[in-house]
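Residue numbers (our numbering): -12 to 73.
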């Protein structure tokens, strides 16, 4: 039951943030999406829902790509711009 609560909390928050008109809020969607993934993996494992488990892998990769795009690569671009590099 706790896993379901966290799945709902982090999942809905991630989706809501991803639809924000403000870029500063949208960038947080991947963070909340990634935080919720362990609860998805746990729930899928405990109920032996292997199709859902496989989807968890795909969602984790996708949220990870969003995290990289919105947090890591953006920071590298800002550092390069501050140094005067392209």
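No residue lacks a Cβ here, since even glycine has one placed at the ideal position from N, Cα and C. Please read all numbers here as calculations on a predicted model, not as lab measurements.
Check	Outcome
Alpha helix (DSSP H) segments (min. 4 residues) lying fully within the region -4 to 53	10 to 13, 16 to 33
Residue of -11, -5, 5, 70 minimising C-alpha distance to residue 49	5
Sufficient close CB pairs (3 or more, under 8 Å) joining the region 51 to 61 to the region 28 to 41	no
Touching by the beta-carbon criterion (3+ pairs, under 8 Å), the region -11 to -4 and the region 5 to 14	no
Close Cβ partners of residue 15 (< 7 Å) along its chain, the five nearest in sequence each way excluded	4
Inter-residue spacing [alpha-carbon to alpha-carbon] between residue 0 and residue 26	14 Å
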